[in-house]
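Peer 1: Right, I'll just put the structure down here and ask away after.
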Amino acid sequence: MTDYRNKLDSFHKALERLLEGIQLYTGKDGGVDDLIRDGVIQRFEFTFELAWKTIKAIFEAEGLKGLNSPKTVLREAYSAGLIDDEELWLSILKDRNETVHLYDKLTAIRICNNIKHKYAAEFEKLEKKLMSRVGIC
């Protein structure tokens, strides 16, 4: 299996795990939901990492080089029609950076709500476009 197909498979599995976590998250404060929220955020982090790295691997397989950061990959993905809303994806990147570098409960709640209500659907749309691009339907 090619590098980008391995990455696409990993992205698919990560997205499935993220969606499982989202189904369990109620948005209530305290107790088990705090643990679920933290798990959703961690799954979001690795889903995002696999998303941009999968896009990068596909571009490299197509001969496009020099895309070394998530932001440059996302901009190229927008230009190539793989993502529809560049600003939303840059917000996803910003939120991923916030979750990786600090922890604040209110920020975590806000980001988890973004994941549940906006970002997960974007990951699903991206997965469909990537699968179509590499000939997996």
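Here our numbering = 1-based position in the sequence shown + 5. Backbone N, C-alpha and C define an ideal beta-carbon position, used for all residues, glycine too.
Can you list, in chain order, the residues of its chain whose CB lies under 7 Å from that of Ala125, leaving out five sequence neighbours each side?
Peer 2: Leu23, Leu24, Ile27
Peer 1: Report back the beta-carbon spacing between Tyr30 and Ala66 to the nearest angstrom; my notes put them in contact at under 8 Å.
Peer 2: Not quite, the Cβ-Cβ distance comes to about 35 Å (not below 8 Å), so this is no contact.
Peer 1: Compare the C-alpha of Ser15 against each of Arg138, Glu132, Leu93, Asn118 and name the closest.
Peer 2: Nearest neighbour of Ser15 by Cα position, chosen from Arg138, Glu132, Leu93, Asn118, turns out to be Glu132.
Peer 1: On the three-pair Cβ rule with 8 Å, is the stretch 108 to 119 touching the stretch 76 to 86?
Peer 2: no
Peer 1: Considering only residues of the same chain and omitting the five flanking positions on each side of Gly5, which have a CB-CB separation below 7 Å?
Peer 2: Limits of the chain in this structure are 6 at one end and 142 at the other, which puts residue 5 out of reach.
Peer 1: Enumerate in chain order the residues of its own chain whose CB-to-CB distance from Ile116 is below 8 Å, with the five nearest sequence positions on each side excluded.
Peer 2: Closer than 8 Å at Cβ, skipping near neighbours: Ile46, Phe49, Asp100, Glu103, Thr104.
Peer 1: With distances taken from CA atoms, which of Ala62, Leu95, Leu98, Ile114 is nearest Leu135?
Peer 2: Ala62
Peer 1: Can you tell me which of Lys58, Gly35, Val78, Val37 puts its alpha carbon nearest to the alpha carbon of Ala19?
Peer 2: Lys58
Peer 1: According to DSSP, simplified to helix, strand and coil, what is Gly44?
Peer 2: Collapsing the DSSP output to three states places Gly44 in a helix.
Peer 1: Taking the alpha-carbon positions, what's the Asn73 to Gly32 distance?
Peer 2: 35 Å
Peer 1: Ends of the alpha helix (DSSP H) at Thr31?
Peer 2: Note, Thr31: premise wrong, no alpha helix (DSSP H); not H, not E.
Peer 1: Which same chain residues, not among the five before or five after Lys76, have their C-beta less than 8 Å away from its C-beta?
Peer 2: Result list for Lys76: Leu95, Leu98, in chain order.
Peer 1: So Leu87 packs on Glu127, CB below 8 Å; how close in whole Å?
Peer 2: Not a contact, Cβ separation roughly 11 Å.
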